[in-house]
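What follows is a single structure, written as structure tokens, with notes after it.
There are 2 protein chains.
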Amino acid sequence: MIDSNMEKLCVPGFRAGGVASGIKNGGKKDLALIAADEPAVAAGIFTTNSFKAAPVLHGIRQIKSHKVQAVMINSGCANAATGDEGMVDAERMAAIAAGNLAIDKRLVMIASTGSIGSRLPIGRIEEGTPGLVESLSPDGIEAAAEAIMTTDRYPKIAARRVSIGGKDVTLCGIAKGAGMIEPHMATMLAFFMTDASVESDCLRRLFKKSMDQSFNAITVDGCMSTNDMALILAGGKAGNRPIRRHTPESAIFLEALLEISISLSAMIVRDGEGATKLIDIIVEGARTRNEAKRIAYAVGRSSLVKTAFYGGDPNWGRIISAAGAIGIPIPPHETELYFDGEPLFRGGRGVAGNEEKIAAIMKKDTISVLIKLDMGTAKARVFASDLTHDYIDINAHYHT
Amino acid sequence: MIDSNMEKLCVPGFRAGGVASGIKNGGKKDLALIAADEPAVAAGIFTTNSFKAAPVLHGIRQIKSHKVQAVMINSGCANAATGDEGMVDAERMAAIAAGNLAIDKRLVMIASTGSIGSRLPIGRIEEGTPGLVESLSPDGIEAAAEAIMTTDRYPKIAARRVSIGGKDVTLCGIAKGAGMIEPHMATMLAFFMTDASVESDCLRRLFKKSMDQSFNAITVDGCMSTNDMALILAGGKAGNRPIRRHTPESAIFLEALLEISISLSAMIVRDGEGATKLIDIIVEGARTRNEAKRIAYAVGRSSLVKTAFYGGDPNWGRIISAAGAIGIPIPPHETELYFDGEPLFRGGRGVAGNEEKIAAIMKKDTISVLIKLDMGTAKARVFASDLTHDYIDINAHYHT
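Chains A and B supply the protein sequences, listed in that same order. According to my numbering, the residues represented by the first sequence are 105 to 504, in order. According to my numbering, the residues represented by the second sequence are 105 to 504, in order.
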């Protein structure tokens with residue numbers, strides 16, 4: 105799925121590629137590389153899971169310099185729960201990329217996604233990397249997006265071209281993730297490239313902000329992975345004056361970044377394991393943004409709510425029950441619930457008379473759920489998927 | 105399912121019954137009554153959901169006197185999210201029971217379970233109650249247990265006879281609940297009768313303790329209901345000296361109460377909507393009991409863990425990932441994981457060589473999952489169900 109306002113998908117100053125190295129069966133692409141012509145300003149966000157995978161531990165250390173020139177990612181093996189050998193393999197993977205690109209290995213980030221608990225087939229990565237480097241091209245973004253997929257049904261790419269300070273600036277992101285999707289980066293990988301010039305501190309803050317409203321506001325199954333990572337590389341080829349905080353330029357940049365982040369995160373939910381519907385949950389009138397988000401998540405995470413949407417059942421009782429269960433003292437009589445603008449619950453009870461309209465809404469593949477509270481002015485938005493038979497099929501038999 | 109060490113299921117001083125009043129279709133029992141010969145010492149625990157159903161609000165008020173003589177329960181309609189009319193209906197239901205039993209309505213508790221959002225069919229309850237009162241009998245506990253069922257596959261009863269202070273004392277509990285099962289009483293109703301004489305303050309504390317280790321330590325789907333309630337009535341017919349706190353008698357009473365509570369709560373999980381397996385999760389070596397319970401719950405609630413057990417996949421990666429995701433800084437290298445005593449994860453990585461033993465364990469319908477931490481000495485235990493196709497079937501189409 106590509107969401108782009110550009111004719112041709114490429115980011116000046118970046119090349120990308122993806123090849124099959126034999127980590128996955130069946131000749132599927134499983135090794136991706138993103139390379140900047142020069143070291144780029146970088147920011148990263150990582151899983152907060154206690155059982156961080158080796159590439160995450162490696163990345164947390166690498167990102168401290170805020171300079172990254174290349175990112176190599178493999179799918180098919182997460183290199184997680186692999187003990188000390190896993191760290192050795194992660195180091196080795198970064199060194200392989202650096203060697204083949206002839207750059208300093210301190211400029212290389214790596215990421216892995218796939219099964220937990222198996223050692224990285226480092227030999228295959230070693231053999232596959234020369235061909236991967238050879239395949240690098242400005243047009244290689246789709247190949248890279250394909251190579252990072254696991255249970256994803258399609259690659260996920262979003263891009264925007266905007267004008268900043270009189271210069272054309274491009275932002276492009278690729279992402280993967282279909283299960284284990286939840287706050288704090290879940291099993292989700294996302295890599296963003298931009299040719300904008302952005303000051304390091306400004307990039308970190310804008311990136312964190314955009315992630316908070318996109319990748320950290322989605323839920324498929326409430327599970328957080330050991331391997332999540334989101335990175336942004338700002339190469340600077342656009343020639344704009346470096347973007348600084350609290351400027352009109354930073355606002356334009358953030359808006360474009362938010363657009364592609366939200367677009368990619370919605371793609372992830374829509375592609376949620378077994379998902380048939382996107383539930384777009386908005387909570388308004390909360391006391392704080394944090395409470396609004398907690399309520400939206402409580403609804404989006406509820407197995408009962410998710411199965412009701414799957415079944416096309418406008419089960420508002422489960423929604424208010426989920427919202428009320430997390431310890432925030434919501435006054436029932438001042439709470440309203442709407443699906444696509446149609447009221448379902450108001451004044452402490454269900455609304456009658458619009459059952460046909462609601463039934464039509466339930467058939468759509470994207471449904472907006474608005475919970476209006478009367479406790480304050482804060483709001484939040486969370487994307488959730490439904491819970492289906494296919495989710496069970498996929499996860500009852502996907503190996504460790 | 106009956107777990108009892110007695111020949112005949114009855115509690116001196118109590119009568120019970122269950123009839124079909126037409127709230128449910130198909131002539132199924134839907135109205136239950138438990139009546140003590142005299143006002144009994146009582147304690148109750150209620151859902152903490154903000155959207156408390158009318159009978160819960162009614163019960164929270166009634167229990168303040170700590171005196172209850174009768175409990176009437178209907179299934180088929182939860183009388184939840186029914187606004188002010190719901191409260192009127194709840195009051196009316198209590199008055200109907202009191203009138204037919206010729207007792208003070210302040211001695212009557214009521215409970216409702218079933219669909220949210222519909223008004224209580226109070227006319228049917230009114231018509232059904234005389235027959236229900238007529239059916240009351242010392243042997244009526246099974247009928248009552250049947251009448252409180254919703255999606256339950258079988259009634260749930262546990263009873264123990266123990267000797268306290270030279271007297272035979274009986275404890276008996278009935279429970280219902282199959283979905284929306286989670287901490288803080290979830291969609292779960294449980295009613296306990298005992299002929300023991302127990303001081304009011306002592307009863308409240310022992311009841312809270314036993315609930316914390318049983319009904320508040322189970323999870324089917326992570327959803328908390330608007331209607332949960334657990335009540336205990338101590339009638340005193342056994343003639344023992346009233347049980348007081350911190351005595352050997354209170355320890356014996358608590359042990360028996362814990363036994364039947366844990367037995368009933370395991371029945372609920374085993375009967376979890378669509379469940380095929382009971383996952384008995386024990387966390388040891390945590391810093392606090394609260395942290396131990398949070399970790400156990402994080403594992404028991406994870407959709408990925410639950411589907412793996414359904415699929416018979418010993419996916420330890422999902423278990424440690426779930427345990428690590430909740431912000432408690434678990435050191436991976438000092439964490440061990442066992443299924444029925446067989447190690448799966450140790451020293452930061454998976455254990456190899458016992459795959460056959462593990463495969464045999466995965467085929468069992470009860471599996472013990474032990475997570476050994478090295479952070480402290482606290483422990484906790486949680487029962488969880490697996491997540492299956494039948495759960496989706498049941499919940500995608502069960503109406504509001």
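Glycine residues also receive a C-beta, built at the ideal position from the N, C-alpha and C atoms. Here the structure is a predicted model, which means the values were calculated and not measured.
Decide yes or no for the touch test of the segment 348-360 of chain B against the segment 433-446 of chain B: beta carbon pairs closer than 8 Å, at least 3 of them. Too few Cβ pairs lie closer than 8 Å, so no.
Which chain A residues sit within Cβ distance under 9 Å of residue 442 (chain B)? Against the second sequence, residue 442 (chain B) aligns to sequence position 338. Neighbours of residue 442 (chain B) across chain A, judged by C-beta separation under 9 Å, do not exist; the nearest C-beta is about 15 Å away.
Alpha carbon to alpha carbon, how far is residue 464 (chain A) from residue 382 (chain A)? On the first sequence, residue 464 (chain A) is found 360 positions in, with the first residue counted as 1. On the first sequence, residue 382 (chain A) is found 278 positions in, with the first residue counted as 1. Distance between the alpha carbons of residue 464 (chain A) and residue 382 (chain A): 16 Å.
Residue 491 (chain A): contacting residues in chain B (beta-carbon distance under 7 Å): The sequence position of residue 491 (chain A) within the first sequence is 387, counting from 1. Ordered by position in chain B, the residues that pass the 7 Å Cβ test against residue 491 (chain A) are 496.
Can you list, in chain order, the residues of the segment 421-432 of chain B whose Cβ is nearer than 8 Å to any Cβ on chain A? Listed by position, the residues of the segment 421-432 of chain B near chain A (Cβ gap below 8 Å) are 421, 422, 424, 425, 426, 427, 428, 429, 431 and 432.
Whose C-alpha, out of B:485, B:419 and B:188, is nearest the C-alpha of residue 462 (chain B)? Here residue 462 (chain B) refers to the residue found at position 358 when the second sequence is read from its first residue. Considering only alpha carbons, the answer is B:419.
Span separating the alpha-carbon of residue 163 (chain B) from that of residue 149 (chain B): Position 59 of the second sequence, counted from the first residue, corresponds to residue 163 (chain B). Position 45 of the second sequence, counted from the first residue, corresponds to residue 149 (chain B). If you take the alpha carbons of residue 163 (chain B) and residue 149 (chain B), they lie about 9 Å apart.
Proximal chain A residues relative to residue 411 (chain B), where beta-carbon distance stays under 7 Å: Here residue 411 (chain B) refers to the residue found at position 307 when the second sequence is read from its first residue. Close to residue 411 (chain B), with beta-carbon spacing below 7 Å, are these residues of chain A in chain order: 496, 499 and 500.
Just to make sure I have the definition right: I need the residues of chain B whose C-beta is within less than 9 Å of the C-beta of residue 220 (chain A). Which are they? On the first sequence, position 116 is the one that residue 220 (chain A) refers to. Under the 9 Å cutoff, chain B gives 419, 420, 421, 422, 424, 425 and 454.
Backbone CA spacing between residue 484 (chain A) and residue 414 (chain A) [nearest angstrom]: The sequence position of residue 484 (chain A) within the first sequence is 380, counting from 1. The sequence position of residue 414 (chain A) within the first sequence is 310, counting from 1. Within the model, the alpha-carbon separation for residue 484 (chain A) versus residue 414 (chain A) is close to 23 Å.
Helix, strand or coil for residue 233 (chain B), going by three-state DSSP, please let me know. By one-based count along the second sequence, residue 233 (chain B) stands at place 129. If DSSP states are grouped into helix, strand and coil, residue 233 (chain B) belongs with the helices.
Figure out for me which residue from A:450, A:349, A:217 and A:366 has the closest Cα to the Cα of residue 261 (chain A). Within the first sequence, residue 261 (chain A) is the residue found at index 157, counting from 1. Here the closest residue by C-alpha is A:366.
Should residue 332 (chain B) go down as buried or exposed, given a rule of 16 or more other Cβ atoms within 10 Å for buried? Looking up residue 332 (chain B) in the second sequence gives position 228. Flag for residue 332 (chain B) reads buried.
Closest Cβ-Cβ distance between residue 216 (chain B) and chain A: below 9 Å? Stepping through the second sequence from its first residue, residue 216 (chain B) is reached at position 112. At a cut-off of 9 Å between beta carbons, residue 216 (chain B) makes no contact with chain A.
Three or more C-beta pairs below 8 Å linking the segment 367-380 of chain B and the segment 269-283 of chain B: Because the criterion of three Cβ pairs below 8 Å is met, the segment 367-380 of chain B and the segment 269-283 of chain B touch.
Name the two residues that bound the continuous alpha helix (DSSP H) containing residue 317 (chain B). In the second sequence, the residue the question calls residue 317 (chain B) occupies position 213. Here residue 317 (chain B) belongs to no alpha helix (DSSP H), and DSSP marks it neither H nor E.
One or two residues paired with residue 272 (chain B) in a DSSP bridge: What you label residue 272 (chain B) is simply residue 168 of the second sequence in a count that begins at 1. For residue 272 (chain B), DSSP records a beta bridge to B:267.
For residue 181 (chain B), which beta-bridge partners are listed by DSSP? As a position in the second sequence, residue 181 (chain B) is number 77, starting the count at 1. Beta-bridge pairing links residue 181 (chain B) to B:217 and B:219.
Kindly give me the distance between the Cβ atoms of residue 240 (chain A) and residue 137 (chain A), rounded to whole angstroms, as I take these residues to be in contact under 8 Å. Here the question's residue 240 (chain A) lines up with position 136 in the first sequence. Here the question's residue 137 (chain A) lines up with position 33 in the first sequence. Contact annotation, residue 240 (chain A) with residue 137 (chain A): C-beta distance approximately 6 Å; criterion of less than 8 Å satisfied.
Between residue 191 (chain A) and the rest of its own chain, which residues show a CB-CB distance below 6 Å, the 5 nearest in sequence each way excluded? For the purposes of this step, residue 191 (chain A) is identified with residue 87 of the first sequence, where counting begins at 1. For residue 191 (chain A), where only same-chain residues beyond five positions count, the Cβ hits under 6 Å are 158.
Chain-order list of residues whose beta-carbon lies under 7 Å from that of residue 354 (chain B) (same chain, five-residue window excluded): Position 250 of the second sequence, counted from the start, is the residue given in the question as residue 354 (chain B). The answer, listed in chain order, is 306, 310, 347 and 348.
Using the C-alpha atoms, what's the distance from residue 246 (chain A) back to residue 298 (chain A)? In the first sequence, residue 298 (chain A) corresponds to position 194, counting from 1. In the first sequence, residue 246 (chain A) corresponds to position 142, counting from 1. If you take the alpha carbons of residue 298 (chain A) and residue 246 (chain A), they lie about 16 Å apart.
Could you confirm whether any beta carbon from chain A is found closer than 9 Å to the beta carbon of residue 319 (chain B)? Taking the first residue of the second sequence as 1, we reach residue 319 (chain B) at position 215. No, its Cβ sits nowhere closer than 9 Å to a Cβ of chain A.
Three or more C-beta pairs closer than 8 Å, one from the segment 171-189 of chain B and one from the segment 213-221 of chain B: is that the case here? With the cut-off at 8 Å, the segment 171-189 of chain B and the segment 213-221 of chain B touch.
So the alpha helix (DSSP H) residue 468 (chain A) belongs to, where does it begin and stop? For the purposes of this step, residue 468 (chain A) is taken as the residue at position 364 of the first sequence. That residue, residue 468 (chain A), is in no alpha helix (DSSP H); it is neither H nor E in DSSP.
Can you tell me whether residue 352 (chain B) is buried or exposed? The criterion is at least 16 other CB atoms within 10 Å of its CB, across all chains shown. Here the question's residue 352 (chain B) lines up with position 248 in the second sequence. So residue 352 (chain B) counts as exposed.
Quick one: give me the first and last residue of the beta strand (DSSP E) that residue 485 (chain B) is part of. Looking up residue 485 (chain B) in the second sequence gives position 381. Where residue 485 (chain B) is concerned, the enclosing beta strand (DSSP E) stretches over 482-489.
Tell me the DSSP bridge mates of residue 382 (chain A)? Within the first sequence, the letter at position 278 stands for residue 382 (chain A). Answer is A:470 and A:489.
Cβ shell of residue 344 (chain B) (< 8 Å), same chain only, five flanking positions each side left out: Numbered from its first residue, the second sequence carries residue 344 (chain B) at position 240. Within the same chain, residue 344 (chain B) has close Cβ partners 268, 269, 270, 271, 273, 300, 301 and 353.
So, is the C-beta of residue 156 (chain A) closer than 9 Å to a C-beta in chain B? Your numbering for residue 156 (chain A) matches position 52 in the first sequence. With its beta carbon less than 9 Å from one in chain B, residue 156 (chain A) belongs to the interface.
If you reduce the DSSP assignment to three classes, tell me which class residue 212 (chain B) lands in. The count along the second sequence starts at 1 and reaches residue 212 (chain B) at position 108. In the structure shown, residue 212 (chain B) sits in a strand (DSSP, three-state: E or B).
Where residue 470 (chain B) falls, given that 16 or more other Cβ within 10 Å makes a residue buried: One-based indexing of the second sequence puts residue 470 (chain B) at position 366. Per the 10 Å Cβ criterion, exposed.
So is residue 287 (chain B) buried or exposed if we call it buried at 16+ other beta carbons inside 10 Å? As a first step, residue 287 (chain B) is located in the second sequence; it is residue number 183 there, counting from the start. Confidence is the limiting factor: at residue 287 (chain B) the pLDDT is only 35, short of 50, which leaves the residue's position unreliable, though a coordinate-based value still follows. Buried is the call here.
Residues that residue 258 (chain B) contacts on chain A, provided the C-beta gap is smaller than 9 Å: Mapped onto the second sequence, residue 258 (chain B) falls at position 154. Those within 9 Å of residue 258 (chain B) in chain A number zero; the least Cβ separation is about 22 Å.
Check this for me: beta carbons of residue 384 (chain A) and residue 472 (chain A), under 9 Å apart or not? Walking along the first sequence from the start, residue 384 (chain A) turns up at place 280. Walking along the first sequence from the start, residue 472 (chain A) turns up at place 368. Yes, Cβ-Cβ distance for residue 384 (chain A) and residue 472 (chain A) is below 9 Å.
According to DSSP, residue 296 (chain B) sits in a beta bridge with which residue or residues? Position 192 of the second sequence, counted from the start, is the residue given in the question as residue 296 (chain B). For residue 296 (chain B), which the question treats as bridged, DSSP gives the partners B:277 and B:336.
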